[in-house]
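First up is the structure itself, then whatever we jot down about it.
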Amino acid sequence: MTIISKLAIAASLATALTSVSIAQDNLKGLTIGFSQIGSESGWRAAETSVTKQQAEALGIDLKFADAQQKQENQIKAIRGFIAQGVDAILVAPVVATGWEDVLTEAKEAEIPVILLDRGVDAPEDLYLTSVASDQVKEGRVAGEWLVAEVGDADCKVVELQGTVGSTPAINRKQGFEEAIAGHANIVLARSQTGDFTRAKGKEVMEGFIKAENGGADICAVYAHNDDMAVGAIQAIKDAGLKPGTDIKVVSIDAVPDIFAAMAAGEANATVELTPNMAGPAFEALSAYLADGTAPEKFIITESKLYTPADNPQGEYDTRKGLGY
Amino acid sequence: MKRLHLERLANPQLLALVAVLLINWLLFPNFFRISWQDGRLFGSLIDVINRGAPVAILAIGMTGVIATKGVDLSVGAIMAVCGAVAATMVVAGYPTPIAVVAALSVGLLCGLWNGFLVAVLDIQPIVATLVLMVAGRGIAQLITEGSIVTFNDPALIFIGTGSFLGFPMAAVIALALMILVTLLVRRTAIGLFIQAIGVNRAAASLAGIHSRMLLMLVYALSGFCAAIAGIVVAADIRGADANNSGLWLELDAILAVVIGGTSLLGGKFSIPLAVVGALIIQAMNTGILVSGFRPEFNLIVKAGMIILILMLQSPLVGSALGFFKRDPKQAASR
Chain H
43 MTIISKLAIA
53 ASLATALTSV
63 SIAQDNLKGL
73 TIGFSQIGSE
83 SGWRAAETSV
93 TKQQAEALGI
103 DLKFADAQQK
113 QENQIKAIRG
123 FIAQGVDAIL
133 VAPVVATGWE
143 DVLTEAKEAE
153 IPVILLDRGV
163 DAPEDLYLTS
173 VASDQVKEGR
183 VAGEWLVAEV
193 GDADCKVVEL
203 QGTVGSTPAI
213 NRKQGFEEAI
223 AGHANIVLAR
233 SQTGDFTRAK
243 GKEVMEGFIK
253 AENGGADICA
263 VYAHNDDMAV
273 GAIQAIKDAG
283 LKPGTDIKVV
293 SIDAVPDIFA
303 AMAAGEANAT
313 VELTPNMAGP
323 AFEALSAYLA
333 DGTAPEKFII
343 TESKLYTPAD
353 NPQGEYDTRK
363 GLGY
Chain P
275 MKRLHLERLA
285 NPQLLALVAV
295 LLINWLLFPN
305 FFRISWQDGR
315 LFGSLIDVIN
325 RGAPVAILAI
335 GMTGVIATKG
345 VDLSVGAIMA
355 VCGAVAATMV
365 VAGYPTPIAV
375 VAALSVGLLC
385 GLWNGFLVAV
395 LDIQPIVATL
405 VLMVAGRGIA
415 QLITEGSIVT
425 FNDPALIFIG
435 TGSFLGFPMA
445 AVIALALMIL
455 VTLLVRRTAI
465 GLFIQAIGVN
475 RAAASLAGIH
485 SRMLLMLVYA
495 LSGFCAAIAG
505 IVVAADIRGA
515 DANNSGLWLE
525 LDAILAVVIG
535 GTSLLGGKFS
545 IPLAVVGALI
555 IQAMNTGILV
565 SGFRPEFNLI
575 VKAGMIILIL
585 MLQSPLVGSA
595 LGFFKRDPKQ
605 AASR
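The listed protein sequences derive, respectively, from chains H and P. Following this note's numbering, the numbering of the first sequence begins with 43 at its first residue and continues without gaps. Following this note's numbering, the numbering of the second sequence begins with 275 at its first residue and continues without gaps.
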């Protein structure tokens, strides 16, 4: 992709994503520091690029620091921001503990701090607000879609879990189970971990298909992320079945490749984990700076459901440039 | 002669493989059912050889390294790098053969780098290969720019998901590689030289063995095998996943080699048995998937089985059970 087309996509996205109702003119010309965890996943890379685009569209001078998965780097970066006298700080904290000292320093310097996509174990008055998704709700939205999709028909579901013991895996499982509870026709027959990866998702799905009468007994697969769903789709195809028709596929995250599968009729639904955590953060900051309105302590991003009716090809084209 | 043949077949590794497969069968009665579908064999047993192939390929290279009293921790990262190279080149429009050859060359280069550190600079293998283990994944992420590079090139995909005479391509590649490398080391003196280096490198050098060259060779072979595994894995999921491809597989490969009876102290090795080791590990993985255990038990079940298998190989336990007790006189006369 050429730089020009990348820029064009970035520009169109920035306009699309920043079409928020309140004018945030008071952020123009401000300097804001952003301490990002790193770029361990495509989603995080997308979060970084969306944040940069948002800042550019609002005329913010964004100071970006990549912590490469280390808390000490993040603390150093935040201290650096305080020393530079930035107007606000965004942090995507790599771990939950150990933030009190540096957040207190920021508070003493009267710099508002906003947490992105993860929380911290620190007194709530040390940060302005935290913007995050509700993982239980993501699972619930996926489950509710399935409940509506199958109606009264019997449906045997297999689940591809995330890494055993990880918070998103626990929460997304819980949400899905909440949604299908009370619908006796939907049974969660098998559940195994696919470690959030495409390769393991494919391998586990192969096992499920063998174990469930060559896949004939499976009505739907629920994957805790899109990558595992993409792997499962390949396993379903290898078994001579039609993903999306013979076995329904529902997953979470909304990464570009699942939209490609959806456009090909091979995936049925995905719940978005939006990379746009900065948008609500800037909105809250703008209101706070304008008249001191304290925002809600926990801002929950929307968990939007996408189905083939939502122009998957268009979503794929838009998201592909974000670095997923 | 006949007795010797039987004894060879009744080694602990093959018995363990049969035992694991039987346990799988008890947990899941259709485990051995194989059907013919879309011009290929289809069944859990086929999954075992297909999914076990990447680790088996790694284990083939790893056996040589461990036989020289070394270890190669970088194979997982090399897999990620080579998968990334193949995928990005195909996406950039290069013909598949060129992309594959480039990826294999990168793997070979990585292996030569390890060999250079170990053989020429005399750095301890665990430290020398740790360099690439850590840096390699970063290099792979640089190549893919942190995202999964998805491709649709039919020729490249065939390497991972195609079939040959009904058998999965990955397993065919692993088998061919095993036969080739086994012939290379056993039909020439190379195997003996590798063992000599593993027992005592200084003595081997004094005896006239080019130990530096041979060490470079075994590490290069390990890198090359990792490249093949990396291409197979990327081709299988039609994408190069720099963050996860080959993650922790170096440990599975070492485990496969150890289950195969190769000594970590060097000097004794078997490539076919390392491949059997890889199949044992995969048979357990596949068994867990079809049995319906809760995922929280995966690692516990695996650990328990591995402890059992390694105990079977322990000389102390072996003699206590009267298992494989060999008459010392007979062993000497062989």
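All residues carry an ideal CB built from backbone N, CA and C; glycine is no exception. Keep in mind the model is a prediction, meaning the values are calculated, not measured.
Ignore the nearest five residues each way along the sequence and tell me which others in residue i's own chain have a CB closer than 7 Å to its CB.
i, result
"residue 475(P)", "485"
"residue 195(H)", "227"
"residue 349(H)", "310, 311"
"residue 404(P)", "347"
"residue 141(H)", "135, 162, 164"
"residue 331(H)", "68"
"residue 359(P)", "376, 377, 380, 417"
"residue 535(P)", "287, 544, 547, 587"
"residue 472(P)", "341, 342, 343, 540, 541"
Could you name the residues of the same chain whose beta carbon sits closer than 6 Å to that of residue i, not counting the 5 residues immediately before and after it, in chain order?
i, result
"residue 308(H)", "275, 285, 286"
"residue 400(P)", "345"
"residue 314(P)", "437, 440"
"residue 445(P)", "323, 324, 327"
"residue 90(H)", "78"
"residue 107(H)", "77, 119"
Rounded to a whole number of angstroms, what is the C-alpha to C-alpha distance between residue i and residue j?
i, j, result
"residue 594(P)", "residue 585(P)", "11 Å"
"residue 250(H)", "residue 155(H)", "46 Å"
"residue 558(P)", "residue 232(H)", "18 Å"
"residue 291(H)", "residue 218(H)", "14 Å"
"residue 511(P)", "residue 433(P)", "11 Å"
"residue 408(P)", "residue 222(H)", "43 Å"
"residue 354(H)", "residue 313(H)", "13 Å"
"residue 494(P)", "residue 213(H)", "45 Å"
"residue 357(H)", "residue 220(H)", "29 Å"
"residue 608(P)", "residue 289(P)", "At residue 608(P) the pLDDT is 40, less than 50, meaning the model places this residue with poor confidence; the figure from the coordinates comes in the next sentence. Straight-line Cα distance between these residues: approximately 23 Å."
"residue 235(H)", "residue 203(H)", "4 Å"
"residue 311(P)", "residue 252(H)", "13 Å"
"residue 110(H)", "residue 381(P)", "26 Å"
"residue 121(H)", "residue 413(P)", "30 Å"
"residue 191(H)", "residue 209(H)", "27 Å"
"residue 538(P)", "residue 342(P)", "9 Å"
"residue 368(P)", "residue 362(H)", "21 Å"
"residue 506(P)", "residue 304(P)", "28 Å"
"residue 360(H)", "residue 243(H)", "26 Å"
"residue 302(H)", "residue 153(H)", "42 Å"
"residue 261(H)", "residue 591(P)", "49 Å"
"residue 133(H)", "residue 117(H)", "10 Å"
"residue 98(H)", "residue 104(H)", "8 Å"
"residue 518(P)", "residue 138(H)", "24 Å"
"residue 452(P)", "residue 239(H)", "28 Å"
"residue 63(H)", "residue 171(H)", "Legend: pLDDT at residue 63(H) = 42, less than 50; position of this residue unreliable, no value from coordinates given."
Taking 8 Å as the cut-off, decide whether the C-beta atoms of residue i and residue j are in contact.
i, j, result
"residue 508(P)", "residue 514(P)", "yes"
"residue 176(H)", "residue 205(H)", "no"
"residue 70(H)", "residue 101(H)", "yes"
"residue 169(H)", "residue 188(H)", "no"
"residue 356(P)", "residue 504(P)", "yes"
"residue 499(P)", "residue 372(P)", "no"
"residue 277(H)", "residue 304(H)", "no"
"residue 159(H)", "residue 270(H)", "no"
"residue 198(H)", "residue 288(H)", "no"
"residue 374(P)", "residue 427(P)", "no"
"residue 257(H)", "residue 283(H)", "yes"
"residue 324(H)", "residue 96(H)", "yes"
"residue 329(P)", "residue 454(P)", "no"
"residue 294(H)", "residue 272(H)", "no"
Apart from the five residues on each side of it in sequence, which residues of its chain come closer than 8 Å, Cβ to Cβ, to residue i?
i, result
"residue 126(H)", "73, 75, 105"
"residue 459(P)", "338, 465, 468, 545"
Worksheet item: If you pair each beta-carbon of the segment 413-430 of chain P with each one of the segment 70-85 of chain H, do three or more pairs fall below 8 Å?
Response: Counting C-beta pairs with one atom in each stretch, the segment 413-430 of chain P and the segment 70-85 of chain H have three or more that are closer than 8 Å, which means they touch.
Discussion item. With three or more C-beta pairs closer than 8 Å as the rule, is the segment 487-495 of chain P touching the segment 286-301 of chain P?
Written reply: As far as the Cβ criterion goes, the segment 286-301 of chain P does not touch the segment 487-495 of chain P, which means the pair count is below three.
Item to complete: List in chain order: all unbroken beta strand (DSSP E) runs of 3+ residues lying wholly within the segment 108-171 of chain H.
Response: Uninterrupted beta strand (DSSP E) stretches at least 3 residues long and entirely within the segment 108-171 of chain H occur at 130-133, 155-158, given in chain order.
Worksheet entry | the segment 536-548 of chain P in contact with the segment 570-580 of chain P per 3-pair CB rule at 8 Å | Contact fails: fewer than three Cβ-Cβ distances are below 8 Å.
Discussion item. In chain order, what are the residue ranges of uninterrupted beta strand (DSSP E) at least 3 long that sit wholly in the segment 275-317 of chain H?
Written reply: Segments of the beta strand (DSSP E) lying fully in the segment 275-317 of chain H: 290-295, 311-314.
Item to complete: Only counting runs of 4 or more residues, tell me where the alpha helix (DSSP H) segments fall wholly within the segment 535-581 of chain P, in order along the chain.
Response: As far as the segment 535-581 of chain P is concerned, its whole alpha helix (DSSP H) runs of at least 4 residues are 545-565.
Practice prompt. Mind listing, in chain order, the continuous alpha helix (DSSP H) runs of no fewer than 4 residues lying wholly within the segment 320-360 of chain H?
Written response: Along the segment 320-360 of chain H, the alpha helix (DSSP H) occurs as fully enclosed runs of 4 or more residues at 320-333, listed in sequence order.
Worksheet entry | Three-pair Cβ contact test at 8 Å for the segment 312-326 of chain P versus the segment 555-574 of chain P | As far as the Cβ criterion goes, the segment 312-326 of chain P touches the segment 555-574 of chain P, which means the pair count is three or higher.
Discussion item. Contact between the segment 333-344 of chain P and the segment 518-530 of chain P is defined here as three or more beta-carbon pairs at a separation below 8 Å; is this criterion met?
Written reply: Yes: at least three Cβ pairs fall under 8 Å.
Fill in: Length at least 4, wholly inside the segment 444-498 of chain P: the alpha helix (DSSP H) runs in chain order
Inside the segment 444-498 of chain P, DSSP marks whole alpha helix (DSSP H) runs of 4 or more residues at positions 464-473, 475-480, from first to last along the chain.
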